[in-house]
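Peer 1:
Residue numbers (UniProt numbering): 1 to 476.
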C-alpha cells in the first residue's frame, strides 16, 4: 500500500469504529475536551480478560493477515494497517524500543517520530518495548480502548514470534559464514581472500533484511605494515551518504588496535544483535591477521632472507620426504658460484647480496616447475630434480644453470661476472638426504678441480664418473 493510499485509509470491513467514539458534546467536540486529531497508544502486553466483543470479526481478520506475514517488518506494517482501520484512524505507527519500525499516513520515519512527539490522549496497556499508536480517530470509549489493547497485544505477540524466527535464521546465517571463514583460515587461503570472505559474510548477514529504501554495506579498513594493511568492501550503499547509520567493530591483533570493520546502512538503524554479529566478524579479521603473521614467521624461518629461496633446513626436509617416496628417479645438483669472493672484495657485501638475488632469479628460470631450488648458505645453492626422465635431462639442466649464472650481471656498484661449478648425485637406495647432499658436494669440488664452469656426477663408489656413459659436459 503506498503512502498516499495509507493516508486515506478509513474503516475496513468487520470493524466497529463509530461505537468506540465518545458522544460529541456541545459545539461538536467530544466530551473530555479532545479533538479528532488526538491519538492513542497501547502497549503490546495489554488486553482484557474477556473477548473483544463486537470487534471479534476485526480481530479474526487481523490474526489471519498476520499468519501470512513473512518477517517482522511485514508483521508490523500489516498489524498497523488493521489497527488504524479498526479504530477509524488516519495515521499511526508501530514503535520498538521507542523507534518507529512501521508507519502509516506519514511520509517517513521522521514523520512517524513527529507523530509520537505530538502527544495527546494516551492509553498505555502494560509495559514492553513494542507500542501501537493510532492517530486521527478521536477519543475512544471503553470498548475502543479495549480493542486497541487487544490489537496491541496480538501484534506484540506476532512481532516477538517474527523476531524469534528471524533471529534463528540469522544465527544459522552467521554460523554458516563464520564456518566459511574458519575453513579458509584452516586451508591457509591467501590473506586478501580471507579478508574478503569476512567482509562478504558480514554483508550477507547484515543485509539479509534489506528492503526497498534500505541498503547495507560493509567496509574493512586496516593499518600497520604493508603485509597487514588492507581493505575490503561488500555492498553498494554509499558509506558517506547523508543520514546513513553507521556502526563499527574494532579489529585487534594480539591486543593491539589495527583497524575497524564498519557497516553503513541507509533507511534503518542497526539492532544490538546485528552489532554483535559485526563484532564476531571483526574477531575473525583479528584471527586472520594473527594467522598471516604466523605464516610469515614460518615462511621466514624456512626461507632465505636474501633470495627468498628455501633455506638449508627446509630443503633437507623436502629432500627427506622425496627420498621416502617409493620409486621414481631423483637427482640432486649442488651449485657453487665461482669467483663470488672477488665480487664481495671489490664491490662490497651489498653488491654480493644483490648478485645472490640475481642468481636466485636465474636459478628459478632455469629449473622446471617440478624442481626445487634452494640456497644452502654463502654462495652455495642446490636443486632437487624429481623424475628427471633420464640422465640427459639432468645434464641439460646442469648446463642450463651454468650458462644462466655465467652471464654478466649489472649491479649498482658495477658489473660482476661469476661462474658456477655443479656437482650431481643420483638417487641410490638407502642413502639419506645428508649423504646424498655430501655426494653432490664432492662432485662439485671435482668440477672445480677440473677447471670450474662445468659439472661432474658422483658415482656410487664416490668416484668422479661420466653421466649416462658420456663425458661430463663443460659449461659454456
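Positions of the beta carbon are idealized from the N, C-alpha and C atoms, including for glycine.
Counting along the chain, where does the alpha helix (DSSP H) carrying residue 442 start and finish?
Peer 2: Residues 433-449.
Peer 1: On a CA-only basis, which of 234, 415, 198 is nearest residue 264? Give me that one, please.
Peer 2: Closest by alpha carbon: 234.
Peer 1: Closest to residue 147 by CA distance: which of 94, 205, 172, 84 is it?
Peer 2: Nearest C-alpha to residue 147: 84.
Peer 1: Does the pairing of the region 334-342 with the region 368-383 give three or more beta-carbon distances under 8 Å?
Peer 2: Contact between the region 334-342 and the region 368-383 is present, because at least three Cβ pairs lie under 8 Å.
Peer 1: Please give me, in chain order, every unbroken run of the alpha helix (DSSP H) with length at least 4 that falls completely inside the region 249-317.
Peer 2: List check, alpha helix (DSSP H) in window: 272-302.
Peer 1: Residue 428: buried (16+ other C-beta within 10 angstroms of its C-beta) or exposed?
Peer 2: Residue 428 should be labelled exposed.
Peer 1: Measuring CB to CB, does residue 456 end up less than 8 Å from residue 414?
Peer 2: The answer is no: Cβ separation not under 8 Å.
Peer 1: In the DSSP assignment, find the alpha helix (DSSP H) that holds residue 151 and state where it starts and stops.
Peer 2: 142-186 is the span of the alpha helix (DSSP H), which, as asked, contains residue 151.
Peer 1: Could you pull the start and end residues of the alpha helix (DSSP H) that residue 363 belongs to?
Peer 2: Segment 349-366, the alpha helix (DSSP H) holding residue 363.
Peer 1: Please classify residue 43: is it buried, with 16 or more other beta-carbons within 10 angstroms of its beta-carbon, or exposed?
Peer 2: Reliability of the predicted coordinates at residue 43 is poor, the pLDDT of 46 falling under 50, and the value obtained from them is presented with this limitation in mind. Buried: at least 16 other Cβ atoms inside 10 Å.
Peer 1: When DSSP builds the beta bridges, which residues end up paired with residue 415?
Peer 2: Paired residues: 410.
Peer 1: Quick check: what's the CA-CA separation for residue 113 versus residue 289?
Peer 2: Computed Cα separation, rounded: 43 Å.
Peer 1: Between the Cα of residue 398 and the Cα atoms of 169, 444, 192, which residue gives the shortest distance?
Peer 2: Cα-wise, what sits closest to residue 398 is 444.
Peer 1: Nearest by alpha-carbon distance to residue 346: which of 418, 76, 67, 314 is it?
Peer 2: Of the candidates 418, 76, 67, 314, the one whose C-alpha sits nearest the C-alpha of residue 346 is 418.
Peer 1: Applying the 10 Å Cβ sphere with the 16-neighbour rule, what's the burial state of residue 154?
Peer 2: Classification for residue 154: buried.
Peer 1: Keeping to the same chain, check which residues put their C-beta closer than 8 Å to that of residue 441; ignore five residues upstream and five downstream.
Peer 2: So the list reads 334, 423, once near-sequence residues are dropped.
Peer 1: To the nearest angstrom, report how far apart residue 432 and residue 321 are at their CA atoms.
Peer 2: Taking the straight line joining both Cα atoms gives about 10 Å.
Peer 1: Please check the pair residue 181 and residue 284, which I expect to be a contact at CB under 8 Å, by giving their CB distance rounded to whole angstroms.
Peer 2: About 5 Å; that satisfies the 8 Å criterion.
Peer 1: What are the residues that DSSP puts in a beta bridge with residue 110?
Peer 2: DSSP output for residue 110 lists no bridge partner at all.
Peer 1: Rounded to whole angstroms, what is the Cα-Cα separation between residue 192 and residue 324?
Peer 2: Computed Cα separation, rounded: 35 Å.
Peer 1: Helix, strand or coil: which one does DSSP assign to residue 136?
Peer 2: Coil, per DSSP.
Peer 1: Taking the beta carbon of residue 172 as the centre, do at least 16 other beta carbons fall within 10 Å, making it buried, or is it exposed?
Peer 2: So residue 172 ends up on the exposed side.
Peer 1: Pull up the DSSP beta-bridge partners for residue 99, would you.
Peer 2: Paired residue(s): 96.
Peer 1: Please determine, among 350, 412, 459, the residue with the shortest C-alpha to C-alpha distance to residue 435.
Peer 2: Ranking 350, 412, 459 by Cα distance to residue 435 puts 459 first.
Peer 1: Decide if residue 33 is buried, meaning its Cβ has at least 16 other Cβ atoms within 10 Å, or exposed.
Peer 2: With a pLDDT of 39 at residue 33, under the threshold of 50, the modelled position of that residue is not reliable, and the figure given next carries that caveat. With fewer than 16 Cβ atoms within 10 Å of its Cβ, residue 33 is classed as exposed.
Peer 1: Can you name the start and end residues of the alpha helix (DSSP H) that residue 377 belongs to?
Peer 2: Segment 372-377 is the beta strand (DSSP E) holding residue 377; no alpha helix (DSSP H) there.
Peer 1: State the Cα-Cα distance for the pair residue 384 and residue 319, rounded to the nearest angstrom.
Peer 2: Going from the Cα of residue 384 to the Cα of residue 319 covers about 7 Å.
Peer 1: Quick check for students: name the residue ranges of the alpha helix (DSSP H) that lie wholly in the region 58-94, counting only runs of 4 or more.
Peer 2: Segments of the alpha helix (DSSP H) lying fully in the region 58-94: 72-86.
Peer 1: Find out if the Cβ-Cβ distance for the pair residue 281, residue 186 is shorter than 8 Å.
Peer 2: No, the Cβ-Cβ distance between residue 281 and residue 186 is not below 8 Å.
Peer 1: Nearest to residue 277 by alpha carbon, out of 174, 407, 131?
Peer 2: Ranking 174, 407, 131 by Cα distance to residue 277 puts 174 first.
Peer 1: Report yes or no: do three or more beta-carbon pairs, one from the region 160-172 and one from the region 66-80, lie closer than 8 Å?
Peer 2: They touch, by the three-pair rule.
Peer 1: Report the three-state DSSP secondary structure of residue 345 (helix, strand or coil).
Peer 2: Residue state, collapsed to three classes: helix.
Peer 1: Near residue 404, which residues of its chain fall below 6 Å by C-beta distance, leaving aside the five closest residues on each side in sequence?
Peer 2: Excluding residues within five positions, the ones whose Cβ falls inside 6 Å are 362, 366.
Peer 1: Measuring alpha carbon to alpha carbon, tell me which of 166, 247, 223 ends up nearest residue 208.
Peer 2: Ranking 166, 247, 223 by Cα distance to residue 208 puts 166 first.
Peer 1: Given the structure, does residue 427 come close to the ligand HEM, in the sense that its CB is under 7 Å from one of the ligand's heavy atoms?
Peer 2: Absence of the ligand HEM from the depicted structure is noted, as is the absence of any ligand whatsoever, leaving it without description.
Peer 1: From this set, 94, 262, 426, which residue's C-alpha is nearest residue 392's C-alpha?
Peer 2: Answer by Cα proximity: 426.
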